[in-house]
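Chains A and B are the protein sequences, given in the same order. Residue 0 is where the first sequence starts when you use numbering that gives the first Met the number 0, and the numbers rise one by one after that. Residue 0 is where the second sequence starts when you use numbering that gives the first Met the number 0, and the numbers rise one by one after that. Idealized CB from N, CA, C, for every residue including glycine.
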Amino acid sequence: MNSREACPPRDDLDARIRQSLRAAYGNKCPARGVRRQLMDRAAEQRRDLRKLALPLPDWLSHSRTARPMESGWNHLDYISLLSALGFVGVTYAIR
Amino acid sequence: MSQDTPLIQKLQAGDLEALGALYDQYRLTVYRTALAVTRDPEAAEDILQDAFLRLQAHADQVNSELPLAPWLYRVTVNLSYTWLTRRNRWRVPLGDFIDQLIGPAKHNPEPVAERRDEQRLMQRAIDALAFSQRVVIVLYYLNNLSLQEIADILGCPVGTVKSRLHYGRENLRELLNGDAQAPEVQYEFT
Numbered sequence: 000m001n002s003r004e005a006c007p008p009r010d011d012l013d014a015r016i017r018q019s020l021r022a023a024y025g026n027k028c029p030a031r032g033v034r035r036q037l038m039d040r041a042a043e044q045r046r047d048l049r050k051l052a053l054p055l056p057d058w059l060s061h062s063r064t065a066r067p068m069e070s071g072w073n074h075l076d077y078i079s080l081l082s083a084l085g086f087v088g089v090t091y092a093i094r
Numbered sequence: 000m001s002q003d004t005p006l007i008q009k010l011q012a013g014d015l016e017a018l019g020a021l022y023d024q025y026r027l028t029v030y031r032t033a034l035a036v037t038r039d040p041e042a043a044e045d046i047l048q049d050a051f052l053r054l055q056a057h058a059d060q061v062n063s064e065l066p067l068a069p070w071l072y073r074v075t076v077n078l079s080y081t082w083l084t085r086r087n088r089w090r091v092p093l094g095d096f097i098d099q100l101i102g103p104a105k106h107n108p109e110p111v112a113e114r115r116d117e118q119r120l121m122q123r124a125i126d127a128l129a130f131s132q133r134v135v136i137v138l139y140y141l142n143n144l145s146l147q148e149i150a151d152i153l154g155c156p157v158g159t160v161k162s163r164l165h166y167g168r169e170n171l172r173e174l175l176n177g178d179a180q181a182p183e184v185q186y187e188f189t
């Protein structure tokens, strides 16, 4: 959609603004060194982003239930152990 | 699918050369817009770099099916706003200090030839506009964008863009008329 027609110029002010802006900025270019600097910074940024996105250890990349049982214990064993310790602790505190 | 699609997809895949190619394609648009808004060549170059660094950092969020120009315009406007805000935070108190030092001398007449310089007058008038009006004036007159395109870039209704353009233009008219009358006033005191 071109909405330019919806706001037509009413006098020469539009032409003056357009002409002045284009004369002032229409031929301006960034320095040549900007591209090289950008590419250096982009490469550096890429390295930083990769550092932030460290790969997960193998055992974390599996779902919780499908993790390999390296120690022979699964998460239910740990929960049972903690429950038992908690029970002992509470019993001791009551006594 | 836009003409930018292949390059954006390459960039999303991690191709740095694609970033360079997009830079070559859009550097003038971004630089000239930033320069017209900030009036500072160094700031415009910083904004140019930052815009493309953001493009790389957020490449996965860019819709590769759409043209890249509106996205770049929006980032450029936002970065320009941030730069102007930071600069004004430091410049305003310093400006007050200078006003105190030089007092009325600030209003001394400048050379008539300079005052008659249309481009200089216009730039000064555009500088005096509020940021929201200045951005619309630059996008409309320098970048030749339609009202709808500007509305999409700024994320506001077309009516708002029309309003900002109208008031920006009226303010420019007033500022330019004021400047044009200034030399006559000056002669009364000299």
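Comparing alpha carbon positions, the residue from B:Gln24, B:Glu44, B:Asp23 closest to Ala33 (chain B) is B:Glu44. Between Ala41 (chain A) and Leu15 (chain B), the C-beta spacing is below 7 Å.
At least one beta carbon of chain B lies nearer than 7 Å to the beta carbon of Arg17 (chain A). Secondary structure remark: continuous beta strand (DSSP E) runs of at least 3 residues inside the segment 0–34 of chain B: none found. The C-beta of Gln2 (chain B) comes no closer than 7 Å to any C-beta of chain A.
In the structure shown, Glu41 (chain B) falls within a helical segment according to DSSP collapsed to helix, strand and coil. Burial is judged here by how many other beta carbons sit within 10 angstroms of a residue's own beta carbon; Glu43 (chain A) has fewer than 16 and is exposed. Listed along chain A are Pro29, Ala30, Val33, each with a C-beta nearer than 7 Å to that of Glu44 (chain B).
Burial check for Gln55 (chain B): the Cβ neighbour count within 10 Å reaches 16 or more, so the residue is buried. Below the 7 Å Cβ cutoff, chain A contributes Val33, Gln36, Leu37, Arg40 as neighbours of Gln48 (chain B), in chain order. Within the segment 22–35 of chain B, those residues whose Cβ lies closer than 8 Å to any Cβ of chain A are, in chain order, Tyr22, Asp23, Arg26, Leu27, Tyr30, Arg31, Leu34, Ala35. Secondary structure of Pro69 (chain B) (DSSP, three-state): helix. Chain-order list of chain B residues neighbouring Ala23 (chain A): Gln118, Gln122, by C-beta distance under 7 Å. Excluding its 5 nearest sequence neighbours in each direction, Arg26 (chain B) has C-beta neighbours in its own chain below 7 Å: Leu47, listed in chain order.
With contact defined as three or more Cβ pairs closer than 8 Å, the segment 129–137 of chain B and the segment 159–172 of chain B are in contact.
With respect to the 7 Å criterion, Leu65 (chain B) and Ser145 (chain B) are not classified as neighbours on the basis of their beta carbons.
Close partners of Leu12 (chain A) in chain B (Cβ separation under 9 Å): Arg168, Leu171, Arg172, Leu175. Within chain A, no residue has its CB atom less than 9 Å from the CB of Tyr72 (chain B), the nearest being about 15 Å off.
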